[in-house]
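See below for the structure under consideration.
Protein chains: 2
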Amino acid sequence: MSSSAYRPAMTQARPEATRSVKAVDEYRNTRELNIAAERPLTIYLDRVEVVTLMTLGTQPELLTLGYLKNQGLIRELNEIKSVQVDWDVNAAVVTTFAEDDSWQEKLKNRTVTTGCGQGTVFGNIMEELEGIRLKPLRLKQSRIYELIKNLNRYNEVYKNAGAVHGCALCHDTDIITFMEDVGRHNAVDAIAGYMWLEGISGEDKIFYTTGRLTSEMVIKVTQMNIPVLLSRSGITQMGLDIAKDVGVTLFSRANGKHFLVYNGSEHIEFDVELPPKFSVAHTSS
Amino acid sequence: MSSSAYRPAMTQARPEATRSVKAVDEYRNTRELNIAAERPLTIYLDRVEVVTLMTLGTQPELLTLGYLKNQGLIRELNEIKSVQVDWDVNAAVVTTFAEDDSWQEKLKNRTVTTGCGQGTVFGNIMEELEGIRLKPLRLKQSRIYELIKNLNRYNEVYKNAGAVHGCALCHDTDIITFMEDVGRHNAVDAIAGYMWLEGISGEDKIFYTTGRLTSEMVIKVTQMNIPVLLSRSGITQMGLDIAKDVGVTLFSRANGKHFLVYNGSEHIEFDVELPPKFSVAHTSS
């Protein structure tokens, strides 16, 4: 716990995460199924439009905070007076104490970094990471298994409707917070917003994601100062390269007793006696 | 086939799609596994930097073409003199016949639209879709099954290394082209580039994706004038809402004999006699 106890005034806008709709299956039967919500949320900073995020919408205030922080638009939480989300107009209205009228000018010279590998200001980001070396966190295999077990209780929207990614901030075997969103980068940003608001630091945490370990996912956890990344999915070459540079321990394909450590296995104590087996099939995702 | 036979001069840069790396499994055994490549590709338009895309990199020229088209930066293929990709410097250099020196100015007033629900210029896009109504395509269940079977032969990188999305442009039961990328929007853009280059129109095609049917996926196929979207994964509320507005037929969770049609089931002829069954479990993705 690092930062102050200051909290901006915030709404608690909590719309439905799923909606029941009809679909026709292969038997031509009409079935009623739940699907994940997806809503546009336009962020306004002192009346200037910043961005529109397509989001599940269950934690819009935290998403807004995390987005502003991760984009480097606001440095300190106590600069923010209020975050007010109104789903009637799909807007998150952020007011700063400075009531700055120069955002238009500032935003002009800024390129939004985004998920899915489009729009990244690659040079700048790589420069920012230059020289960052995260302090490694010692881990025990037995505790990782316990954490994976605990994580299975979450992912509510996914279990109900699919089509969302889940992310969690974890400490040892505990899940501090779990966020789901239709955009995986939104889920990460919402966790960044939560950490900012609650004054939680990253250095002893584990970041879990149902999504893949691409360059941008590794970059985001590095910016959050979190030394361990645990994923159910696969990994890309640049995700691995960056993790090696900054020292993020990478667990990929974590599921039940299985995992693959692509970086940082020297920080893991293998304290579990597993039954022998013939081979582990490569499972893709 | 609509546009001219003109083709810009293009490189054929084909780097490796996977790399062999070592990982430590839960038995503490070191294993050699393939992971998907991920590379930054910076697009320059008449010497002005446009964007950096994180990509698998197997079809960089088509990705570049499709990106420029989908972003509305270049209207006609014959405005482009050449597309030259050089992986030594991770650059796609696009030269137009006009050798326009005003891109810097034009790009300033443009916001990049992107995948993963971050950075979307929502208002503009929704305005562009206003009044679009795609001509429905009649489909037979038996032909869809045949297509799904044919699609199983593709997804090479995914089968080898995971961590990529696949997209295909299909006609009836044939796969015209199949693209994989670490970013699903890159795979879509590469197909748009292919259609542009080959003068292929969308109105009688089916678009397949391994990814979810979110708003942005439905918007992209609408812009490509393709009336049918077939996905292995789930669907979001806005993906469905937009599909209903523009008339895109949506197959979700297509796998083997299963599918769920969320919109446009009236255009499907159910011509397959399936064995009776008790129930279909809801499978998430």
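Residue numbers (the numbering used here), protein chains in the order written: chain G, 1 to 285; chain U, 286 to 570.
Every residue gets a Cβ at the ideal spot worked out from N, C-alpha and C, and that includes glycine.
Here the structure is a predicted model, which means the values were calculated and not measured.
The three-state secondary structure of asparagine 160 of chain G, taken from DSSP, is helix. Distances from the CA of leucine 559 of chain U to each of G:Val21, G:Tyr27 and G:Ala254 were compared; the closest alpha carbon is that of G:Tyr27.
DSSP links alanine 475 of chain U through a beta bridge to no other residue. In the three-state reduction of the DSSP assignment, isoleucine 74 of chain G falls in the coil class, being assigned neither a helical nor a strand state. Cα atoms of glycine 193 of chain G and threonine 381 of chain U: separation of roughly 43 Å, rounded to the nearest angstrom. Taking a Cβ-Cβ threshold of 9 Å, none of the residues of chain U is close to phenylalanine 207 of chain G; the smallest such distance is about 17 Å.
Just so you know, the alpha carbons of threonine 521 of chain U and lysine 505 of chain U end up roughly 15 Å apart. The region 88–108 of chain G makes no contact with the region 180–191 of chain G; the number of CB pairs closer than 8 Å stays below 3.
The C-alpha of proline 345 of chain U is placed about 12 Å away from the C-alpha of glutamate 301 of chain U. For methionine 217 of chain G, the enclosing alpha helix (DSSP H) begins and ends at 215–223. At a Cβ-Cβ threshold of 8 Å, leucine 56 of chain G and aspartate 245 of chain G do not count as neighbours. Per the C-alpha coordinates, the member of U:Glu334, U:Ala294, U:Phe463 and U:Val449 positioned closest to tryptophan 388 of chain U is U:Glu334. DSSP places glutamate 32 of chain G inside the beta strand (DSSP E), whose first and last residues are 30–36. In this structure, the alpha-carbon of leucine 45 of chain G lies about 18 Å from that of glutamine 12 of chain G. Look at lysine 562 of chain U here: in three-state DSSP terms it is coil, with no helix or strand label. For a Cβ distance threshold of 8 Å, residue set Val306 and Ile320 of chain U lies close to leucine 240 of chain G, ordered along the chain.
Here asparagine 540 of chain U is bridged, per DSSP, to U:His543. One alpha carbon belongs to alanine 23 of chain G, the other to serine 518 of chain U, and they sit about 14 Å apart. Non-local C-beta neighbours of valine 83 of chain G in its own chain, meaning closer than 6 Å and more than five positions away in sequence, comprise Pro8, Met10, Glu61, Thr64 and Val94, ordered along the chain.
It is roughly 42 Å from the alpha-carbon of glycine 72 of chain G to the alpha-carbon of serine 486 of chain U. Scanning G:Ile175, G:Met126 and G:Val228 for the CA closest to the CA of leucine 139 of chain G turns up G:Val228.
Nearest CB-CB separation between serine 142 of chain G and chain U: not below the 8 Å threshold.
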